[in-house]
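J.:
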Amino acid sequence: MPRNNDSRSGITRRQAIAGGASVSAALLLAGCADDPDLADDDGTGGSGGNGGNGGSDDGGVVDQLNVTQQVAPVEWDPIVLNDAYSEQIIHTVYDGLYEYDVQTLDPQPKIAAAEPEIERDGTRFIVPLREEPEFHDGTPVTAEDVVHTFMAPIEEQTDNMPDVAMIESAEALDDHTVQFDLEFPYGAFTEMTLARNVVHAEARQEDPEAYNTENPIGSGPYQFDDAVIGEFADVTLWEDYWDEPSQIPSIRWEPAEDDAGRVSRMLARETDVMEGIPPADWEDIDAEDGITIEDTPDTGVFYLAFNCNEGPTADPDVRRAIAHCHSTGAYVDDVIGEAGQNINYPVAPTIGEEWDFPLDEWNDMEYEFDPDYARELLDGSDAIEEGEEIHFISPPDDLRQQWCELVADRLNEIGYGGTVERLDWDTFLSTYDTGDADDYNVYSLGWTGGADPDMYLYQLFHRDNEGVTQGHYYDNDEFHDKIAEARQTVDFDTRRQLYIEATEEILEECVWVPGWNTLSAIAVDTDRVDGVLPDTSTSTTPRLDVSDARLHD
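The end of the sequence shown is residue 569 by our numbering, with every number in the run present.
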């Protein structure tokens, strides 16, 4: 469909949807490598011609910080990207309208000049903007850029549309004032929605594909320099940054999707910072002289989700049987260990505790390992034949792949079967949400979440997001109504009760098998680096856009 290049200051959500504007699949997937094997044969992901940890003895760049990622990024445009590993890089290139305080996690004005003024019973937010921010090409950041940032996901129906779907319209009242009108009072609007990276509207609209794959222009402390997807991405310090500058002159990210390759790079000091620490290597890495593991509680959750749309897993008894044929808790204890904790609910523990959810009761609802009962449920189902195989898909992550393989093996042991397909990240993202039983019966995934339960329950379970951020297609009108009602009220007690009822249905109907919550952790070469810390979200770990982070002389 034609791209909407309407330059009006105010565009309503209904106008966008009525016009049918959508982004093409080519744009959504732009920037991905043709070769699905993004790592080199040795698992290091390639050096991009600039290996080493930056020391002068190994020929590296002395003033460059080297970061090894667990998964290769796929694109650079905040409007369309929806993976944590791309976000790790671009959050240094862009400034948000609001950004989270590293210590308190409260949203603080960044490009915004102050807290929003709230009118019309919580359905109108007026945000003043600072005059100082500029994009890397010298263009001032204006209200038009903010309007485009928030309305483009709706106009183009990108994977990020659920984040802003409550916005009815956004309007530039003048160059430095934006007005948001909401369809309903949304309790998490200030806390969650307004903390978005602001894009350069003119540059993006002029050539969206280049903006996503070659030349993202932000207003953050670092400028995008160069990248080859699957090999490296480079950013350099922007000397004219309008706010407090960072202290690291340049940063290079390199992916190493193989656990052993990633660890060997860290232990050999071929990288300065490594994220994605394999639990089995945690103690060895932390015991190494000159390397420290920094960690903090994370807002992410990992899970198995069932295709409730079609195929054998559309039968809840088949889903329950799969849950009963293995022990998630034992897998987490044995494999994840001290790096995380087993959870049986769809939100991060920190969020559950803040909302006083009955976490202990939900943990007690975990499906126990009972292969005989699992076999009984499968034998009694008309949705599956004896010996029929359940098709699992996993992203390029060893822990999630091993979890799928464990369950598949247990199915084989009780007379049925399972096959596991590990997909490259791009292929996985275009497969897991189709609802097609030929593509998958079960998928394993994770979600970084946020500070409000809506970021989990609505994004991952509501029917609005079928084919966008969820691929289970669980269908129950009352269930979806509860999530929508919780989203559209600001009363805490009402929202809490609705989320409790929705979560209990998720567990009883076995829409998911919740897995674990991990620590957000990085390994750091302390002989080279100071002040580099993890954030509470994988998508912004490590935090490199702060003034405390620096390289040793």
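Beta carbons: idealized from backbone N, C-alpha and C, even for Gly. From a predicted model like this one, the values you see are computed outputs, not experimental measurements.
1. Less than 8 Å between the C-beta atoms of Asp288 and Asn428, yes or no?
2. From Asp111, Pro530, Thr165, Val87, pick the residue whose C-alpha is nearest to that of Cys420; which is it?
3. Grab me the residues of Gly483's own chain with a C-beta within less than 8 Å of its C-beta, minus the 5 sequence neighbours each way, in chain order.
4. Terminal residues of the continuous beta strand (DSSP E) containing Asn533?
5. If you reduce the DSSP assignment to three classes, tell me which class Leu473 lands in.
6. Can you tell me which of the three DSSP states Trp441 falls into?
7. According to DSSP, is Asn82 helix, strand or coil?
8. Nearest to Gly234 by CA position, among Val215, Ala243, Ala226, is which residue?
9. Among the residues of its own chain, which have a CB less than 6 Å from the CB of Val334, if the five just before and after it don't count?
10. Ser460 to Glu384, Cα distance in whole Å?
11. For the alpha helix (DSSP H) containing Pro332, list its first residue and its last residue.
12. Give the single residue among Asp440, Ser555, Ile406, Thr447 whose Cα lies nearest to the Cα of Gly434.
13. Does DSSP put His192 in a helix, a strand or coil?
14. Please go through the same chain and pick out, in chain order, the residues whose beta-carbon is closer than 6 Å to the beta-carbon of Ala502, but skip the five residues on each side of it.
15. So what's Asn213 in DSSP terms, helix, strand or just coil?
16. May I ask you to verify whether the region 556-566 touches the region 250-266, counting CB pairs closer than 8 Å and requiring at least 3?
17. To the nearest angstrom, report how far apart Pro294 and Val351 are at their CA atoms.
18. Are Trp532 and Phe240 closer than 8 Å when you measure CB to CB?
19. So is Ala346 buried or exposed if we call it buried at 16+ other beta carbons inside 10 Å?
20. Indicate whether the contact test is met: 3 or more Cβ pairs, each with one atom in the region 410-424 and one in the region 337-344, closer than 8 Å.
21. State whether the region 294-313 contacts the region 367-375, with contact taken as three or more CB pairs (one from each stretch) at a distance under 8 Å.
22. Please determine, among Thr308, Tyr456, Thr193, the residue with the shortest C-alpha to C-alpha distance to Ala537.
23. Run through the DSSP bridge pairs and tell me what Phe141 is partnered with.
24. Tell me, to the nearest whole angstrom, how far the beta carbon of Asn213 is from that of Val96; I am working on the premise that it is less than 8 Å.
25. In terms of residues, what are the limits of the beta strand (DSSP E) holding Pro125?
26. Per DSSP, Val458 forms a beta bridge with which residues?
27. Short check: CB of Asp161 to CB of Ala211, under 8 Å?
28. According to DSSP, is Ile170 part of a helix, a strand, or is it coil?
29. In whole angstroms, give me the CA-to-CA distance for Lys126 and Leu145.
30. Can you give me the C-alpha to C-alpha distance between Asp551 and Thr519, rounded to a whole angstrom?
31. By the three-class DSSP mapping on this structure, what secondary structure does Tyr162 have?
32. For Leu476, decide whether its Cβ has a neighbour in chain C, counting only Cβ atoms nearer than 8 Å.
33. When you compare each of Val251, Pro237, Gly236 to Glu230 by their alpha carbons, which one comes out closest?
34. Assign Thr519 to one of three DSSP states: helix, strand, or coil.
35. Give me the residue from Gly154, Gly353, Arg336 with the minimum Cα distance to Tyr257.
36. Can you tell me whether Ala356 is helix, strand or coil according to DSSP?
T.: Once the coordinates are examined:
1. No. Outside cutoff.
2. Of the listed residues, the one whose Cα sits closest to Cys420 is Pro530.
3. Excluding positions up to five away in sequence, the list reads Asp449, Thr450, Gly451.
4. 528-541 is the extent of the beta strand (DSSP E) around Asn533.
5. In the three-state reduction of the DSSP assignment, Leu473 falls in the helix class.
6. When secondary structure is reduced to three states using DSSP, Trp441 falls in the helix class.
7. Residue state, collapsed to three classes: strand.
8. For Gly234, the nearest C-alpha among the options comes from Val215.
9. Excluding positions up to five away in sequence, the list reads Pro328, Ser397, Ala399, Ile400.
10. In a straight line, the C-alpha of Ser460 is about 19 Å away from that of Glu384.
11. Note, Pro332: alpha helix (DSSP H), 332-340.
12. The shortest C-alpha separation from Gly434 is found at Ile406.
13. Taken through DSSP and simplified to helix, strand or coil, His192 comes out as coil.
14. The beta carbon of Ala502 lies closer than 6 Å to those of Arg511, Leu514, Tyr515 in the same chain, with the five residues before and after it left out.
15. Correct three-state label for Asn213: strand.
16. As far as the Cβ criterion goes, the region 556-566 touches the region 250-266, which means the pair count is three or higher.
17. Annotation: Pro294 to Val351 spans about 9 Å, alpha carbon to alpha carbon.
18. Here Trp532 is not near Phe240, since their CB atoms are 8 Å or more apart.
19. It counts as exposed.
20. Segments in contact, yes.
21. The answer is no - the region 367-375 does not touch the region 294-313, with fewer than three Cβ pairs under 8 Å.
22. Closest in C-alpha terms to Ala537, from the list Thr308, Tyr456, Thr193, comes Thr308.
23. Per DSSP, Ile134, Phe196.
24. About 12 Å separates the two Cβ atoms, so there is no contact after all.
25. Per DSSP, the continuous beta strand (DSSP E) segment holding Pro125 begins and ends at 123-125.
26. According to DSSP, which records beta bridges pairwise, Val458 is partnered with Phe322, Phe408.
27. Judged by their CB atoms, Asp161 and Ala211 are not nearer to each other than the 8 Å cut-off.
28. Three-state DSSP puts Ile170 in a helix.
29. Roughly 9 Å separates the two Cα atoms.
30. In a straight line, the C-alpha of Asp551 is about 27 Å away from that of Thr519.
31. Note on identity: in this sequence residue 162 is Val, with Tyr being the wrong assignment. DSSP, read as helix, strand or coil, puts Val162 in helix.
32. No chain C appears in the structure shown, which is made up of a single protein chain.
33. It is Val251.
34. The answer is helix: DSSP assigns Thr519 an H, G or I state.
35. From the listed residues Gly154, Gly353, Arg336, the smallest Cα separation to Tyr257 is found for Gly154.
36. Before going further, note that residue 356 is Gly rather than Ala in the sequence given. Correct three-state label for Gly356: strand.
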